[in-house]
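Here's the structure, in structure tokens; my notes come after.
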Amino acid sequence: MTEREDRTEHALRMGHADGTEPPGAANLAEQTDAAARTGETGGGAWLLETVAVSKRYVRDGRPLHVLDRVTLGVREGEFVSIVGPSGSGKSTLFRLIGGVERPDEGRIRIAGRDVTGRRGLISYMPQQPSLFPWLTVRQNIASALAIAGIDRKKAAALATEWLERIGMGDTAGAYPDELSGGMKQRVSFLRALLMPRDVMCLDEPFAALDALTRTRMQAWLLKQWEAHRRAVLLVTHSIEEAILLSDRIYVLGGAPATVLREIPVPLPRPRRTDMWNEPAFGRLREDILTLLGRSGERDD
Amino acid sequence: MDVRRWRRALPPVFAIAGVLLIWQASCAAFGIPAWLLPDPWSIALYMAEEAELLFGHVAFTLGLALRGMLLGVAAGVICAVLFHLLPAVRAAFSPLLVASQNIPLIALGPLLMIWFGVGILPKLILLVLVCFFPVAWSMLAGLGQSEPQLREYLAMIGASRVQAFFRLELPASLPYFFAGLKLTATYSFLTAMVAEWLGSGRGIGYFLVLQYKGFKTTGVFASIFCIVACSLALYGLAVLAESRVLGRLRMGGNRAKGGGRA
Numbered sequence: 000m001t002e003r004e005d006r007t008e009h010a011l012r013m014g015h016a017d018g019t020e021p022p023g024a025a026n027l028a029e030q031t032d033a034a035a036r037t038g039e040t041g042g043g044a045w046l047l048e049t050v051a052v053s054k055r056y057v058r059d060g061r062p063l064h065v066l067d068r069v070t071l072g073v074r075e076g077e078f079v080s081i082v083g084p085s086g087s088g089k090s091t092l093f094r095l096i097g098g099v100e101r102p103d104e105g106r107i108r109i110a111g112r113d114v115t116g117r118r119g120l121i122s123y124m125p126q127q128p129s130l131f132p133w134l135t136v137r138q139n140i141a142s143a144l145a146i147a148g149i150d151r152k153k154a155a156a157l158a159t160e161w162l163e164r165i166g167m168g169d170t171a172g173a174y175p176d177e178l179s180g181g182m183k184q185r186v187s188f189l190r191a192l193l194m195p196r197d198v199m200c201l202d203e204p205f206a207a208l209d210a211l212t213r214t215r216m217q218a219w220l221l222k223q224w225e226a227h228r229r230a231v232l233l234v235t236h237s238i239e240e241a242i243l244l245s246d247r248i249y250v251l252g253g254a255p256a257t258v259l260r261e262i263p264v265p266l267p268r269p270r271r272t273d274m275w276n277e278p279a280f281g282r283l284r285e286d287i288l289t290l291l292g293r294s295g296e297r298d299d
Numbered sequence: 000m001d002v003r004r005w006r007r008a009l010p011p012v013f014a015i016a017g018v019l020l021i022w023q024a025s026c027a028a029f030g031i032p033a034w035l036l037p038d039p040w041s042i043a044l045y046m047a048e049e050a051e052l053l054f055g056h057v058a059f060t061l062g063l064a065l066r067g068m069l070l071g072v073a074a075g076v077i078c079a080v081l082f083h084l085l086p087a088v089r090a091a092f093s094p095l096l097v098a099s100q101n102i103p104l105i106a107l108g109p110l111l112m113i114w115f116g117v118g119i120l121p122k123l124i125l126l127v128l129v130c131f132f133p134v135a136w137s138m139l140a141g142l143g144q145s146e147p148q149l150r151e152y153l154a155m156i157g158a159s160r161v162q163a164f165f166r167l168e169l170p171a172s173l174p175y176f177f178a179g180l181k182l183t184a185t186y187s188f189l190t191a192m193v194a195e196w197l198g199s200g201r202g203i204g205y206f207l208v209l210q211y212k213g214f215k216t217t218g219v220f221a222s223i224f225c226i227v228a229c230s231l232a233l234y235g236l237a238v239l240a241e242s243r244v245l246g247r248l249r250m251g252g253n254r255a256k257g258g259g260r261a
């Protein structure tokens with residue numbers, strides 16, 4: 000499959016480059032690196048890491064400390080969620096990972112290489128579908144793939160093929176305003192899935208959907224992900240969504256936000272959407288709620 | 000559908016017909032002399048008789064207006080894109096451009112003639128100066144108006160400045176471009192006519208001057224009708240182009256089916 004080839008090619012390219020790090024970041028990174036390494040023994044190397052990342056803004060003349068030494072990571076083929084209340088800096092973290100902004104301290108690494116402030120290395124699914132209204136569904140996907148460097152013809156063929164595969168072949172020529180909210184998010188997800196990049200970053204992809212559509216989309220995403228097993232970093236404020244989908248969860252909280260805890264999800268794969276009935280699910284949910292409750296801010 | 004459209008067209012048609020009737024009737028009733036105010040029927044007769052002459056002048060002016068518009072719109076687009084991509088250039092030159100729009104044409108025209116003679120060049124320059132501004136200004140606004148979500152998406156997937164421009168900013172600015180184009184279309188014919196006053200042996204502007212200097216009021220009115228018709232036609236063309244292009248790009252008012260925007 001061409002898309003896989005592209006990705007391995009990409010990963011190989013990154014492997015060859017030497018991951019030199021500026022000396023300044025070393026001090027801060029050291030302690031958190033240790034924590035990261037203990038996780039690493041669990042399986043595989045980190046594909047994406049944020050190492051002791053801090054970010055401050057100045058808002059209305061006052062300093063606003065958003066992120067405080069956030070260290071987390073995603074391995075190959077792993078689904079990882081970041082859970083936290085609204086306004087806990089989750090989206091800021093994504094902007095840092097995407098290279099749109101630079102952290103004040105700390106580094107971002109992809110496949111072991113320092114990529115802090117570099118753009119175009121992740122694929123991204125935003126909260127709003129962000130489809131271009133003047134492009135058809137197929138063109139929307141193909142256009143994003145072309146930005147990622149895929150040949151135009153190949154991009155269009157890939158889009159057609161995969162739309163067919165997820166049962167949306169008949170919408171390929173439709174415009175976004177002809178699709179329902181859920182359908183738009185499916186297109187947005189497919190667009191992110193097909194990007195020839197190592198990590199998929201999903202930024203509250205279902206937050207704008209109604210409850211019923213949201214549940215259906217979670218089941219759909221689960222099915223899609225278990226079929227393709229890409230490395231995913233999902234930001235959400237829904238604890239249930241995080242437990243249902245993830246292998247590991249980072250609970251983010253406090254102001255400035257820090258990683259309160261890293262929690263492996265003990266549920267087996269393949270997951271079923273009715274797993275929230277299981278006692279392990281309930282206990283985990285309680286744990287995370289307590290954790291967030293203790294950190295002072297609750298968001299329901 | 001069609002019936003409703005006809006019904007919408009009826010009131011203005013009746014209004015225009017009414018005005019013409021009253022005009023015709025008052026000219027007859029009060030015995031107004033033709034050199035003061037000719038009646039519509041005589042104007043129509045005059046236009047029919049002199050159709051060939053009028054057509055020649057109108058065609059000349061229309062050609063001038065279209066060429067000026069083409070150059071002006073091109074200059075406007077280039078200017079908008081340049082200003083958008085290079086904020087420093089924008090900061091430096093935008094006050095100058097705004098100022099340029101406040102130079103009275105009546106003063107600028109003779110100057111251009113002194114510098115460039117009485118040929119086509121000074122007239123084209125005058126037209127370009129008038130035509131480029133609405134397009135440049137409104138497109139420049141449009142280029143900065145693209146949806147923040149889409150902008151953020153492109154940034155996150157690593158689109159370059161050029162990619163963001165061609166994939167988002169340029170298409171998103173099209174409705175604004177057409178708003179500017181419609182304004183330009185309205186001005187271009189009138190400006191071409193004014194340009195002809197500044198020395199020309201042809202064109203409806205030249206013909207108009209000839210008529211009023213000879214107190215041939217019927218000719219003046221005939222010219223006015225031609226000018227209004229041409230201006231409206233150019234505007235109509237711009238509207239047509241707008242609805243075609245925007246409709247195809249799912250932008251204009253005729254969005255296919257309801258539903259939220261992406």
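Residue numbers (numbering that gives the first Met the number 0), protein chains in the order written: chain A, 0 to 299; chain B, 0 to 261.
Built from N, CA and C at the ideal position, the CB exists for glycine as well.
TODO: Could you check what DSSP says for residue 85 (chain A) in three-state terms: helix, strand or coil?
DONE: coil
Open item on the list: Could you check whether the Cβ of residue 166 (chain B) sits closer than 8 Å to any Cβ belonging to chain A?
Closed with: yes
TODO: Note down, in chain order, each residue of its chain lying with its Cβ closer than 7 Å to the Cβ of residue 161 (chain A), except the 5 sequence neighbours on either side.
DONE: 189, 193
Task: Neighbourhood of residue 126 (chain B) by C-beta distance below 8 Å, restricted to the same chain and skipping five residues each side - done: 63, 64, 66, 67, 68, 70, 71, 187, 190, 191, 194
Task: chain B contacts from the stretch 177-198 of chain A (Cβ-Cβ distance under 8 Å) - done: 177, 178, 179, 180, 183, 194
Open item on the list: Threshold first: 3 residues or longer. Then list the beta strand (DSSP E) segments lying entirely within the stretch 82-152 of chain A, N to C.
Closed with: 104-109, 121-124
Open item on the list: What does the alpha-carbon distance come out to for the pair residue 99 (chain B) and residue 217 (chain B)?
Closed with: 37 Å
TODO: Run through the stretch 219-285 of chain A for me and flag every whole beta strand (DSSP E) of 3 or more residues, listed as ranges in chain order.
DONE: 230-235, 247-252, 257-263
Open item on the list: In whole angstroms, give me the CA-to-CA distance for residue 93 (chain A) and residue 200 (chain A).
Closed with: 7 Å
Task: Backbone CA spacing between residue 150 (chain A) and residue 196 (chain A) [nearest angstrom] - done: 15 Å
Open item on the list: What does the Cβ neighbour count give for residue 121 (chain A), buried or exposed, with the cut at 16 atoms within 10 Å?
Closed with: buried
Open item on the list: Quick check on this structure: which residue in A:48, A:287, A:66, A:46 has the alpha carbon closest to the alpha carbon of residue 257 (chain A)?
Closed with: A:66
Task: First and last residue of the uninterrupted beta strand (DSSP E) at residue 71 (chain A) - done: 61-74
TODO: Tell me, please, whether the CB atom of residue 143 (chain A) is closer than 8 Å to any CB atom in chain B?
DONE: yes
Open item on the list: So, for residue 129 (chain A): in the same chain, excluding its five sequence neighbours on each side, which residues have a beta-carbon less than 7 Å away from its beta-carbon?
Closed with: 187
- [ ] Specify the secondary structure class of residue 197 (chain B) as computed by DSSP and reduced to three states.
- [x] coil
- [ ] Name the residue from B:219, B:240, B:221, B:202 whose alpha carbon lies nearest to the alpha carbon of residue 56 (chain B).
- [x] B:202
- [ ] For residue 152 (chain B), decide whether its Cβ has a neighbour in chain A, counting only Cβ atoms nearer than 8 Å.
- [x] yes
Task: The beta strand (DSSP E) enclosing residue 201 (chain A), as first and last residue numbers - done: 198-202
Task: For residue 51 (chain A), the first and last residue of its enclosing beta strand (DSSP E) - done: 45-58
Open item on the list: 8 Å is my cut-off, CB to CB: does residue 129 (chain A) come that close to chain B?
Closed with: yes
TODO: Starting from residue 148 (chain B), find everything on chain A with Cβ-Cβ shorter than 8 Å and list it in chain order.
DONE: 125, 127, 129
Open item on the list: Between which two residues does the alpha helix (DSSP H) holding residue 148 (chain B) run?
Closed with: 147-155
TODO: Specify the secondary structure class of residue 244 (chain B) as computed by DSSP and reduced to three states.
DONE: helix
- [ ] Could you list which residues in chain B have their beta carbon closer than 8 Å to that of residue 122 (chain A), in chain order?
- [x] 156
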